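Peer 1:
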Amino acid sequence: MPRASAWFVRSAFLYLLVGFSLGALLLFYKGTGFLPQVWRLLPAHAEVLLMAWLVQLAMGVGYWILPRPGGKRGGAALVWVVFGVFNAGVWLAVAGQVMGLPLLTWLGRLGELVAVVLFVAHAWRRLRV
Ligand code: HEM
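Counting with our numbering, you get residues 7 to 135 for the letters of the sequence shown.
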């Protein structure tokens, strides 16, 4: 497995842990009514599990496993840029949602989108039948 894929997958697993823990806190609040401010973490729970866990896992495994035309994956530098921009985007989006700053959330979402588009541009070239 290439080093970049290992980082994507490790990072995805960390977010899985964070996302499930947030989900447990939300359930705790729903069950007990204690700590109502926990409910503000609902969008962070969705962002972390849908984007940082699922999308990041797909990109990490995809970079590793997609066909290698000519025996090369290519795009080694690009994929690190994707890793950095995507994770920065997740943090900004979560911070924006928790702090109630929509501009920050949209900036984060833009980062996530740019990262995914860059990844698809890389992966597309490798798709041969
Ligand atoms: C891959 C796994 C998961 C995904 C993709 C996921 C995603 C979501 C999404 C999209 C929402 C709705 C957010 C909204 O309404 O804005 C949600 C709500 C919620 N999730 Fe998860 N979730 C996952 C796992 C879990 C786990 C493991 C727990 C508990 C330990 C949990 C607890 C909750 C709770 C309590 C809510 C609020 C439900 C309500 O509106 O009453 N989730 N989740």
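We put the beta carbon where it would ideally sit given N, CA and C, even for glycine.
Nothing here was measured: the structure is a model prediction, and the numbers come from that model.
List, from N- to C-terminal side, the alpha helix (DSSP H) runs of 4 residues or more that fit wholly inside the region 29-97.
Peer 2: For the region 29-97, whole alpha helix (DSSP H) runs of length 4 or above, ordered along the chain, are 48-53, 62-71.
Peer 1: Taking the alpha carbon of Ala12 as the reference point, which residue from Gly66, Phe125, Val88 has its own alpha carbon closest?
Peer 2: It is Gly66.
Peer 1: Starting from the N-terminal end, write out each residue whose C-beta falls within a distance shorter than 7 Å of any non-hydrogen atom of the ligand HEM.
Peer 2: Ordered along the chain, the selected set is Gly25, Phe26, Gly29, Ala30, Leu32, Leu33, Lys36, Leu48, Pro49, His51, Ala52, Leu55, Leu56, Trp59, Leu60.
Peer 1: Using a 10 Å radius around the Cβ and a threshold of 16 neighbouring Cβ atoms, would you call Trp45 buried or exposed?
Peer 2: It counts as exposed.
Peer 1: To the nearest angstrom, report how far apart Arg115 and Gly95 are at their CA atoms.
Peer 2: The straight-line gap from Cα to Cα measures roughly 6 Å.
Peer 1: Would you decide whether Trp59 is buried or exposed? Buried here means 16 or more other CB atoms lie within 10 Å of its CB.
Peer 2: Buried, by the Cβ-count rule.
Peer 1: If we ignore side chains and look at the alpha-carbon of each, how far apart do Gly29 and Ile71 end up?
Peer 2: Spanning the two alpha carbons is a distance of roughly 31 Å.
Peer 1: Using the Cα positions of Leu119 and Ala50, report the straight-line distance between them to the nearest angstrom.
Peer 2: Straight-line Cα distance between these residues: approximately 17 Å.
Peer 1: Would Ala18 and Leu63 qualify as a contact pair, given that the criterion is a beta-carbon distance under 8 Å?
Peer 2: A contact, by the Cβ cut-off of 8 Å.
Peer 1: Could you check whether the region 121-129 touches the region 103-112, counting it as contact only if at least three pairs of C-beta atoms, one from each stretch, sit closer than 8 Å?
Peer 2: The region 121-129 vs the region 103-112: no contact.
Peer 1: By the 10 Å Cβ neighbour count, where 16 or more other Cβ atoms means buried, how is Val54 classified, buried or exposed?
Peer 2: Buried: at least 16 other Cβ atoms inside 10 Å.
Peer 1: With burial defined as no fewer than 16 other Cβ atoms inside 10 Å of the residue's Cβ, what is the status of Ala10: buried or exposed?
Peer 2: Ala10 should be labelled buried.
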